[in-house]
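Beneath this line is the structure, given in structure tokens, with notes to follow.
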Amino acid sequence: MFSAKKSVILTSATLAVNRKLEYTADTYGLEKGEYLTFIADSPFDYQKQALLCVPKDIPDPSQISDEEYAWAIAQSIKKIVPHVTGGILVLFTSYKMLNYVYLKLKKEDKLLNREVLAHGKDGSRTNLVEALKNNPNTIVLGTNSFWEGIDISGLGLTTVIITKLPFYPPSRPIIAAKLEKMESEGKNSFYKFSIPQAVLRFRQGYGRLIRSDKDFGTVIVLDKRIMTKRYGQQFINSLPTQSIIYDTIDKISEVLNLWMHNKIIAN
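For the sequence shown, counting from 1, position 239 maps to 239 in this note's numbering; every step adds exactly one.
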């Protein structure tokens, strides 16, 4: 493609990792000096429009079983929901965890005023997106395709919950082959492939929240590794500058309650 054209422009909201474009260039086989880069600032004021929240009292997913972590996610969501207004999108990295949390939330009496819907159980992706747009009391649990391509403004979507940093499972045959090849070339596959891939996916999920200059809301990351691991800073640096709350789930719920109340009054 590049040799057939005089010039080629690659443009996207999610090309940069850690505010740099080297990973994308490497992916396309481009060498330094063969390309120019430019990163534009976001047109939105994230300092005013958004909050990034990370509970410090949720367990590290790498230290417990998937079942234990899914239980912790369900408990966290149940605590958060009563304190936010508007539609909620919960993003998962696996159907197994989604199904477990879905069953827990459907049985929760405190969520009776909310409509809990899950991809693969309550309709197609299109139907669930329409439910969010039409009913601000909707909670949608999604995976894979829900991380990108969803455009919902206003109260239809004010909260995005990312249940886990979206690393690709290293056991997938194609992923395993990529990692093995990079290691054979003397490269650190985790830092050269796994982290950049997860950062780009994370940015796509994060981007579901603010879709206009009138929107407001919060992204809640239920994976404290973004704050406790050295590589977590790459995820933070890849997002727009904004306020970050790293505290207990109870404190976060308290802050969100007041913050959203003030935003609704202001709008």
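Backbone N, C-alpha and C define an ideal beta-carbon position, used for all residues, glycine too.
DSSP beta-bridge partners of residue i
i: Leu52; result: Val219, Ile244
i: Val8; result: Beta-bridge pairing links Val8 to no other residue.
i: Leu91; result: Gly142, Ile162
i: Lys20; result: Val17
Residue i Cβ short of 7 Å to the ligand SAH heavy atom set
i: Tyr246; result: With respect to the ligand SAH, the structure offers nothing, as it holds no ligand at all.
Cα-Cα separation, residue i to residue j
i: Thr289; j: Lys104; result: Residue 289 is absent from the structure shown; the chain starts at 1 and stops at 267.
i: Tyr206; j: Pro240; result: 10 Å
i: Thr138; j: Val116; result: 6 Å
i: Lys20; j: Tyr191; result: 14 Å
i: Ser7; j: Glu108; result: 56 Å
i: Phe2; j: Ser194; result: 26 Å
i: Ser189; j: Leu15; result: 19 Å
i: Thr143; j: Thr37; result: 32 Å
i: Gly232; j: Lys96; result: 25 Å
i: Val140; j: Glu68; result: 22 Å
Start and end residues, alpha helix (DSSP H) containing residue i
i: Glu115; result: No alpha helix (DSSP H) contains Glu115, which is instead part of the beta strand (DSSP E) from 115–118.
i: Asn134; result: 125–134
i: Lys181; result: 173–184
i: Tyr69; result: 66–80
i: Phe235; result: 232–237
i: Pro196; result: 195–206
i: Ile252; result: 249–266
Proximity to residue i [Cα-Cα], best of the options
i: Ala266; options: Leu222, Lys107, Asp215; result: Asp215
i: Ser153; options: Leu132, Arg172, Thr143, Asn144; result: Leu132
i: Lys32; options: Ala40, Tyr23, Ile39; result: Tyr23
i: Gln197; options: Leu10, Asn18, Ser3; result: Asn18
i: Pro59; options: Phe235, Met227, Gln233; result: Met227
i: His83; options: Ile220, Ala118, Gln234; result: Ile220
i: Val90; options: Asn113, Gln63, Glu68, Ile150; result: Ile150
i: Ile270; options: Thr158, Lys56, Lys251; result: The shown model of the chain, from 1 to 267, leaves out residue 270, and the question about it has no answer.
i: Ser171; options: Lys164, Leu165, Thr163, Glu180; result: Glu180
i: Asp66; options: Thr37, Ile80, Thr163, Lys121; result: Thr163
i: Tyr168; options: Arg208, Val199, Val81; result: Val199
i: Leu98; options: Gly156, Ile73, Trp259; result: Ile73
i: Ser253; options: Glu68, Glu34, Val81; result: Val81
i: Arg203; options: Ile39, Ser238, Arg230; result: Ser238
i: Ala40; options: Lys56, Thr11, Asp57; result: Thr11
i: Leu257; options: Thr85, Lys56, Gln63; result: Looking at the sequence shown, residue 257 is not Leu but Asn. Nearest C-alpha to Asn257: Thr85.
Beta carbon of residue i nearer than 8 Å to that of residue j
i: Ala50; j: Gly217; result: yes
i: Gly87; j: Pro136; result: yes
i: Gln47; j: Ser212; result: no
i: Ala201; j: Trp147; result: One point to set straight first is that residue 201 is Arg, not Ala, in the sequence displayed. Going by C-beta atoms, Arg201 is nearer than 8 Å to Trp147.
i: Ser145; j: Arg125; result: yes
i: Asp223; j: Leu165; result: yes
i: Lys270; j: Leu111; result: Residue 270 is absent from the model: the chain starts at 1 and stops at 267.
i: Glu100; j: Ala118; result: Here residue 100 turns out to be Tyr, not Glu, going by the sequence shown. No, Cβ-Cβ distance for Tyr100 and Ala118 is not below 8 Å.
Element boundaries [beta strand (DSSP E), containing residue i]
i: Val140; result: 138–143
Any C-beta of chain B under 8 Å from that of residue i
i: Glu183; result: Considering every chain present, this structure includes no chain B. It has just one protein chain.
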